[in-house]
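Student: Let me give you the structure first, and then I'll get to my questions.
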Amino acid sequence: MKTTYSLLLTAIVCLLTAADTFAQSRITRSEFICYDRREDAKRDIRTAIDKHIVYAPELTFQSEEGTVRRVYEQRVEIPAAWNDYNAYLHIENTPESYTLFVNGKQISAPVDRFTPSEFFISPYLEQGENTIAVVIISEPYMSQLDEALTSAEREIFANSYIFAQRRLGIYDFRVRLVPDSLDRFAQLRLDVVVDNSFSTDETIEVGYDIYAPDGKLMEYSVNDLAMSGYTRDTMSFTPWIYHSNPNRWSPTNPKLYDLMLYIKRSGILWEYIPLKVGFGEYAYTDSGAITAFDKELSLKTKQYNAATDMATTEREIKRLKAEGYNCLCPSYPQPRWYYDICDRVGIYVIDCAAINSPSTDDNRNVGGTPANAPWLVDDYIVRVDAMYRRSQNHICIIGFRLGGDNSGNGYNMYKAYEHLKSYGDSRPIIYGGADGEWNSDIDIDIAK
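All the letters of the sequence shown, read from the start, carry residue numbers 824 to 1271 under my numbering.
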């Protein structure tokens, strides 16, 4: 185990060297937890999960000078039973931009503090005691990318955790409940990405069941998937969901289906992932309107970011809805529960990446604005990708913004737009700073 002093020395050395000298463990995917029992999954009881550890590191170093400003550490005991599991670290509510260290080894590039993020940490863990550290850094280019953003003051590292998932299990998913071609009923389009981290060929059973808002079981299925070692594969399900039109999701009818993903091996149920799914499909017109079920939406927007806690946020969202607003526009990726609330309460959301750099937005020279500094393109793509992948499955999401409207335009914004368009999503990619250029599908006014 590394001491704080040796960790700090390692941090200073690593942070002053080129970025390609360390591994990149950050992953972008849907945010989820695997539960051991169905009843715990439905009620979000995490205390009963066998391999779930709250991550609440303590401050062990602080300085007002240099690249390394603070170090937060937590010692974690990893038992031998975790050998057949993949370990992930979920981090949010950090005080500043940071990098991640495991046992003194830097495993991530600088990460913005506004986007909840996950890291694959298994390759860096050892059996027994481990030190996992968040190192707060002073990087001018990082602060410039989100210079105009502020967030609610929550408890530092609130809702950060480590969880272990079986090495043969669900890695990600994409779910839609959309109308059929004749607009008669819904079709579930469920893509489940399965990961086999073993070196051997393995077979797994992937299953789901879906219940209507009134509690009626609508469909279920379990299928075998044979996988080679060290591979990922996608299993797709496309059943019809009948009698669904009364359950079309909208702010006036926010009905949700209960979808449960689960896996089995040798007939034994392993883990459950609960989801709430709304029936709807969004697109946009050439005239710049967003549509639902082929009808143009009349939007009254409001810029709103989550408050300090879920209860306050839900009260404020309900108040905004009562005032006539039907679309919220956060200025950076929100906690998962923000989107859950919007799904349940019934209010549209246009999500936004953590990019907002207005001080040099009108300088179109190469490097004159971060948006046109090609050496930062990876940072832009990582931020917009993390925004999209976390919230894409929520029915409340009707569009995606590349960043704050006054963040300049150029090469990086072009590439960020192309990256999101490559997913083939029918929802619009929006950037108010495009100023008539091609990297925004529509224009939309956002009430402050």
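Glycine included, each C-beta is placed from N, C-alpha and C at the ideal position.
Cβ of A987 less than 8 Å from any chain B Cβ?
Tutor: You won't find chain B in this structure, because it holds only one protein chain.
Student: Within the continuous beta strand (DSSP E) that includes A971, where are the two ends?
Tutor: Counting along the chain, A971 falls outside any beta strand (DSSP E), and DSSP gives it neither H nor E.
Student: Can you tell which of I1220, D1003, I1204 and L1084 has the C-alpha that lies nearest to the C-alpha of G1101?
Tutor: I1220
Student: Please classify T938: is it buried, with 16 or more other beta-carbons within 10 angstroms of its beta-carbon, or exposed?
Tutor: buried
Student: Beta-carbon separation of N1068 and F1008 under 8 Å?
Tutor: yes
Student: Going by C-alpha distance, which of N906, T917, G1090 and M1050 is nearest S896?
Tutor: Looking at the sequence provided, one finds Glu at residue 896 rather than Ser. Ranking the options by Cα distance to E896, first place goes to T917.
Student: Closer than 6 Å by C-beta to N1186: which residues in its own chain qualify, once you throw out the five before and the five after it? Chain order, please.
Tutor: T1192
Student: Tell me whether A1177 is buried or exposed, calling it buried when 16 or more other Cβ atoms sit within 10 Å of its Cβ.
Tutor: Around the beta carbon of A1177, 16 or more other beta carbons sit within 10 angstroms, so the residue counts as buried.
Student: Among E1146, K1099, G1030 and G1038, whose alpha-carbon lies nearest the alpha-carbon of Q1215?
Tutor: Selected option, being the one with the closest Cα: K1099.
Student: Where does the unbroken beta strand (DSSP E) through K874 begin, and where does it stop?
Tutor: Careful: K874 lies outside any beta strand (DSSP E) and carries neither H nor E.
Student: Could you pull out every unbroken alpha helix (DSSP H) segment of at least 4 residues lying fully inside the region 934 to 1007, listed in chain order?
Tutor: 963 to 968
Student: At which residue ranges does the region 1157 to 1228 contain complete beta strand (DSSP E) runs of 3 or more residues, listed in the order of the chain?
Tutor: 1171 to 1175 and 1220 to 1224
Student: Across which residues does DSSP place F884 in a beta bridge pair?
Tutor: According to DSSP, F884 shares a beta bridge with V894.
Student: Report all residues from its chain with a CB closer than 7 Å to the CB of K1078; omit the five preceding and five following residues, and keep chain order.
Tutor: P1036, N1070 and W1072
Student: Taking the alpha carbon of T1301 as the point to measure from, which residue in R898, A1130 and L968 has its own alpha carbon closest?
Tutor: The requested residue 1301 does not occur in the structure, where the chain is confined to residues 824 to 1271.
Student: What distance in whole Å lies between the Cβ atoms of I1252 and G1223, which are believed to be in contact at a cut-off of 8 Å?
Tutor: First, the residue type needs correcting, since residue 1223 is Phe and not Gly in the sequence shown. Their Cβ separation, rounded to whole angstroms, is 5 Å, which keeps F1223 and I1252 in contact under 8 Å.
Student: To the nearest angstrom, how far is it from the Cα of L948 to the Cα of V899?
Tutor: 10 Å
Student: Who pairs with T1026 in a beta bridge, going by DSSP?
Tutor: A1049
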